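Visitor:
Number of protein chains: 2
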Amino acid sequence: MTPPLTAPAVILSQPQMGENVGAAARAMKNFGLSELVLIAPKCEWPNERAQMLASGSGDILDAAKVYPDAAEALAPYNLVLATTARGRDVVKQIHTPEAGIERLRAAAQTGARTAILFGGERAGLDNEEMSLTDAVITIPTAEFSSLNLAQAVLLLGYEWLKSADTTPPVRTRASIAQPASRFELTGLFEHLEQELDAAEFLFPPAKRETMVRNIRAMIMRSGLTDQEVRTIRGMIVALVRNKYRGSKKDNP
Amino acid sequence: MTPPLTAPAVILSQPQMGENVGAAARAMKNFGLSELVLIAPKCEWPNERAQMLASGSGDILDAAKVYPDAAEALAPYNLVLATTARGRDVVKQIHTPEAGIERLRAAAQTGARTAILFGGERAGLDNEEMSLTDAVITIPTAEFSSLNLAQAVLLLGYEWLKSADTTPPVRTRASIAQPASRFELTGLFEHLEQELDAAEFLFPPAKRETMVRNIRAMIMRSGLTDQEVRTIRGMIVALVRNKYRGSKKDNP
């Protein structure tokens, strides 16, 4: 039996601004994270600005646990990954966000309690905190790198949700996107080609086969639905009718 | 010869708040996007609040192009993907961010000019805009979904950079992380086991082999460097020396 899977806790070390904690909570909620832990916040707590920025995710703030230091805050967790920028001088494995999240999910699946630790806005993580973490996650950026706390939480939350997301990479809306049956498509091809023959568009005869093939390929590429096939056939009928009307007028 | 690859433009339709445009520019710069296009901004332009929020990415704002409508703004692009939330009633392919970015990169590699279109804060994208796009990108979220404009730009920018990022998923810092040679490790094993034998820790003899194997596995798991192996051997020497001193004191 699979033990119930718990999403990683988000642990913010010494956050300075309530706004950022609120924005982090909101980012969490977008991606199904709910456990927020604060280590020695430098802003007052509970925090009004945090509540304002959290709009809709105040429940996460209300349930947030606050601890005086990293040892107490990290005590319950079996696997803790720290997010850091480049260049810290420790011998730890550095994961991409995707690989880090994969590791957290694998651990959670065996029943481990997991957490992601984020440093304060300016100071980052101190040595004591780093010594209690298993490994590091670094978010890849361009030369210019100015991700704030809530953005880092957002990106990790996104990877967490994504790692269990079974949405197919490419899809069309199920309700209306049933591709046309081959029967409908063949009907369209024959209808169109008949009218194009009548209009002497498929000319000269030696090129007819290639032209037909190219037109069919062009039509197939748009992945039409039954309804769209019917619409196109209606358009052909309308265009042809108009032409005959025009012809009648020109040559009465 | 590969044509030069151009990153997708970020096109914001009718943005309402300068702050959000500024934050979007900053998000872009983190991930190597630089071409910003605005369709009929509802805020004044140029915009002071945008400049404030852009900190460090003002160059992107300064170079931003502004057009009165979607037809003009989208005119130069060969492939345009729209980001939308769920539930829009159009028959278009819907991509995950990863798949959408893959499609943009593949097109860019053949020399196509590409763009990602983002709707305004409230109204989203209108039908005319949607009709000019090739497909849709939807960012997966939990039930609660309140991503703002700059966050959507951030996530797509992140996927863009990630799609060309060759950072290995897991690594250790190259400068200090050379794993120990087997020679050093064998030296540690033998040294430790010799001292543990002397201390009668590896007891009873029938279990010695298993105990040694378990201890070696535990050590191997930590992926020690040469320096760390030397540190551990120093610790062993220190502990043993202390014990003998203790013994001498106890039994003079």
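Protein chains in written order, with my numbering: chain A, 3 to 254; chain B, 3 to 254. Beta carbons: idealized from backbone N, C-alpha and C, even for Gly. Here the structure is a predicted model, which means the values were calculated and not measured.
Return yes when the Cβ of D128 (chain B) is within less than 9 Å of the Cβ of L83 (chain B), no when it is not.
Guide: Reading the second sequence from its first residue, position 81 is the one you call residue 83 (chain B). Reading the second sequence from its first residue, position 126 is the one you call residue 128 (chain B). Cβ distance not < 9 Å, so L83 (chain B) and D128 (chain B) don't count as in contact.
Visitor: So what does G122 (chain A) bridge to, in DSSP terms?
Guide: Start at 1 with the first residue of the first sequence, and residue 122 (chain A) comes out as number 120. Paired residue(s): A:G126.
Visitor: Strictly under 9 Å for the Cβ-Cβ distance: is K31 (chain B) near chain A by that measure?
Guide: Your numbering for residue 31 (chain B) matches position 29 in the second sequence. At least one chain A Cβ lies under 9 Å of K31 (chain B).
Visitor: Would P142 (chain B) pass as a contact of T116 (chain A) if the rule is Cβ separation under 9 Å?
Guide: As a first step, residue 142 (chain B) must be located in the second sequence, where it is residue number 140. As a first step, residue 116 (chain A) must be located in the first sequence, where it is residue number 114. No.
Visitor: Alpha carbon to alpha carbon, what distance is there between L35 (chain B) and I221 (chain B)?
Guide: Within the second sequence, the letter at position 219 stands for residue 221 (chain B). Within the second sequence, the letter at position 33 stands for residue 35 (chain B). The alpha-carbon atoms of I221 (chain B) and L35 (chain B) are separated by roughly 45 Å.
Visitor: Any beta-carbon of chain A closer than 9 Å to the one on G225 (chain B)?
Guide: Along the second sequence, one-based indexing puts residue 225 (chain B) at 223. With 9 Å as the cut-off, G225 (chain B) counts as an interface residue toward chain A.
Visitor: For T174 (chain A), write down the residues that DSSP places opposite it in a beta bridge.
Guide: What you label residue 174 (chain A) is simply residue 172 of the first sequence in a count that begins at 1. In DSSP, T174 (chain A) forms a bridge with B:Q95.
Visitor: Determine which residues of the stretch 125–149 of chain B have a Cβ less than 7 Å from any Cβ of chain A, and write them out in chain order.
Guide: Against chain A - using a Cβ distance shorter than 7 Å - the residues of the stretch 125–149 of chain B are P142, T143, A144, F146, S147, S148, L149.
Visitor: What does G34 (chain A) reach in chain B if we use C-beta pairs closer than 9 Å?
Guide: Within the first sequence, residue 34 (chain A) is the residue found at index 32, counting from 1. What G34 (chain A) touches in chain B: T143, A144, E145, F146.
Visitor: Grouping DSSP H, G and I as helix and E and B as strand, with all else coil, what is I141 (chain A)?
Guide: To locate residue 141 (chain A), count along the first sequence from 1; it is residue 139. Coil, per DSSP.
Visitor: Helix, strand or coil: how does DSSP classify P5 (chain A) here?
Guide: Along the first sequence, one-based indexing puts residue 5 (chain A) at 3. Note on P5 (chain A): pLDDT 49, under 50, position unreliable in the model; the coordinate value appears next. DSSP places P5 (chain A) in coil when its eight states are reduced to three.
Visitor: Using the beta-carbon of each residue, which ones in chain B are nearer than 7 Å to T98 (chain A)?
Guide: As a position in the first sequence, residue 98 (chain A) is number 96, starting the count at 1. Within 7 Å Cβ-Cβ: T169, P171.
Visitor: Do D71 (chain B) and A42 (chain B) have their CB atoms nearer than 9 Å?
Guide: The residue labelled residue 71 (chain B) in the question sits at position 69 within the second sequence. The residue labelled residue 42 (chain B) in the question sits at position 40 within the second sequence. For D71 (chain B) and A42 (chain B), yes; Cβs fall inside 9 Å.
Visitor: Name the two residues that bound the continuous beta strand (DSSP E) containing Y69 (chain A).
Guide: Mapped onto the first sequence, residue 69 (chain A) falls at position 67. 67–69 is the span of the beta strand (DSSP E), which, as asked, contains Y69 (chain A).
Visitor: Among the candidates A:M54, A:G20, A:D61, whose CA atom is the shortest distance from the CA of C45 (chain A)?
Guide: By 1-based counting over the first sequence, the position of residue 45 (chain A) is 43. Out of A:M54, A:G20, A:D61, A:G20 has the C-alpha closest to the C-alpha of C45 (chain A).
Visitor: Whose Cβ in chain A lies nearer than 8 Å to the Cβ of T174 (chain B)?
Guide: Reading the second sequence from its first residue, position 172 is the one you call residue 174 (chain B). The contacting residues are V93, K94, Q95, I96.
Visitor: My output table needs one value for A240 (chain B): the three-state DSSP class, helix, strand or coil.
Guide: The residue labelled residue 240 (chain B) in the question sits at position 238 within the second sequence. Helix.
Visitor: Does DSSP classify S133 (chain A) as helix, strand or coil?
Guide: Taking the first sequence and counting its residues from 1, one reaches residue 133 (chain A) at position 131. Reduced to three states, the DSSP call for S133 (chain A) is helix.
Visitor: Just the C-alpha distance for I13 (chain B) and V39 (chain B), rounded to the nearest angstrom, thanks.
Guide: On the second sequence, position 11 is the one that residue 13 (chain B) refers to. On the second sequence, position 37 is the one that residue 39 (chain B) refers to. Going from the Cα of I13 (chain B) to the Cα of V39 (chain B) covers about 5 Å.
Visitor: If the cut is a Cβ gap below 7 Å, which residues of chain A does S183 (chain B) touch?
Guide: Reading the second sequence from its first residue, position 181 is the one you call residue 183 (chain B). The premise fails here: S183 (chain B) is roughly 16 Å from chain A at the closest Cβ pair, so nothing lies under 7 Å.
Visitor: State the DSSP-derived secondary structure class of P254 (chain B), mapped to helix, strand or coil.
Guide: In the second sequence, counting from the first residue as 1, residue 254 (chain B) sits at position 252. Because P254 (chain B) carries a pLDDT of 41, less than 50, the predicted location of this residue cannot be relied on, and the following value inherits that uncertainty. In the structure shown, P254 (chain B) sits in coil (DSSP, three-state: anything other than H, G, I, E or B).
Visitor: Applying the criterion that 16 or more other CB atoms from any shown protein chain within 10 Å of the CB defines a buried residue, is Q16 (chain B) buried or exposed?
Guide: Taking the second sequence and counting its residues from 1, one reaches residue 16 (chain B) at position 14. Under this definition Q16 (chain B) is a buried residue.
Visitor: Pull up the distance between the alpha-carbon of L149 (chain B) and that of R28 (chain A), whole angstroms please.
Guide: On the second sequence, residue 149 (chain B) is found 147 positions in, with the first residue counted as 1. On the first sequence, residue 28 (chain A) is found 26 positions in, with the first residue counted as 1. C-alpha separation (whole angstroms): 9 Å.
Visitor: Round the Cβ separation of A110 (chain A) and L190 (chain A) to the nearest angstrom and send it over; I've been treating them as touching at under 8 Å.
Guide: Walking along the first sequence from the start, residue 110 (chain A) turns up at place 108. Walking along the first sequence from the start, residue 190 (chain A) turns up at place 188. Rounded, the Cβ-Cβ distance is 51 Å, inconsistent with contact.
Visitor: Any idea what DSSP makes of A87 (chain B), helix, strand or coil?
Guide: Position 85 of the second sequence, counted from the start, is the residue given in the question as residue 87 (chain B). If DSSP states are grouped into helix, strand and coil, A87 (chain B) belongs with coil.
Visitor: Which same chain residues, not among the five before or five after L198 (chain A), have their C-beta less than 7 Å away from its C-beta?
Guide: On the first sequence, residue 198 (chain A) is found 196 positions in, with the first residue counted as 1. Here the set comprises L204.
Visitor: Which of helix, strand or coil does DSSP assign to A117 (chain A)?
Guide: Against the first sequence, residue 117 (chain A) aligns to sequence position 115. In this structure, A117 (chain A) counts as strand in the three-state DSSP scheme.
Visitor: I need the straight-line Cα distance from Y69 (chain A) to G102 (chain A), nearest angstrom please.
Guide: Numbered from 1 along the first sequence, position 67 holds the residue referred to as residue 69 (chain A). Numbered from 1 along the first sequence, position 100 holds the residue referred to as residue 102 (chain A). Spanning the two alpha carbons is a distance of roughly 25 Å.
Visitor: Give me the chain B residues within the contact set of A101 (chain A), using Cβ-Cβ distance strictly less than 8 Å, ordered along the chain.
Guide: Sequence index remark: in the first sequence, residue 101 (chain A) carries index 99 (1-based). Result: P171, V172.
Visitor: What's the C-alpha gap between V231 (chain B) and K31 (chain A)?
Guide: Along the second sequence, read from residue 1 onward, the residue named residue 231 (chain B) stands at position 229. Along the first sequence, read from residue 1 onward, the residue named residue 31 (chain A) stands at position 29. So the two alpha carbons sit approximately 44 Å from each other.
Visitor: Quick one, are the C-beta atoms of A26 (chain A) and L119 (chain A) less than 9 Å apart?
Guide: As a working note, residue 26 (chain A) is residue 24 in the first sequence. As a working note, residue 119 (chain A) is residue 117 in the first sequence. No, the pair does not count as a contact, with Cβ atoms beyond the cut-off.
Visitor: Could you give the distance in angstroms between the alpha-carbon of M54 (chain A) and the alpha-carbon of P78 (chain B)?
Guide: The residue you call residue 54 (chain A) lines up with position 52 of the first sequence. The residue you call residue 78 (chain B) lines up with position 76 of the second sequence. Computed Cα separation, rounded: 41 Å.
Visitor: Since H97 (chain A) and I62 (chain A) should fall inside the 8 Å C-beta cutoff, what is the C-beta to C-beta distance between them, to a whole number of angstroms?
Guide: Here residue 97 (chain A) refers to the residue found at position 95 when the first sequence is read from its first residue. Here residue 62 (chain A) refers to the residue found at position 60 when the first sequence is read from its first residue. Incorrect: roughly 25 Å between the Cβ atoms, too far for contact.
Visitor: Could you tell me which residues DSSP pairs with V214 (chain B) in its beta bridges?
Guide: Taking the second sequence and counting its residues from 1, one reaches residue 214 (chain B) at position 212. Bridge partners of V214 (chain B): none, in fact.
Visitor: Using only the alpha-carbon positions, how far apart do R173 (chain A) and Q180 (chain B) sit?
Guide: To locate residue 173 (chain A), count along the first sequence from 1; it is residue 171. To locate residue 180 (chain B), count along the second sequence from 1; it is residue 178. Using only the alpha carbons, I get a separation of about 45 Å.
Visitor: Using the beta-carbon count (16 or more within 10 Å), is N216 (chain B) buried or exposed?
Guide: Your numbering for residue 216 (chain B) matches position 214 in the second sequence. That one is exposed.
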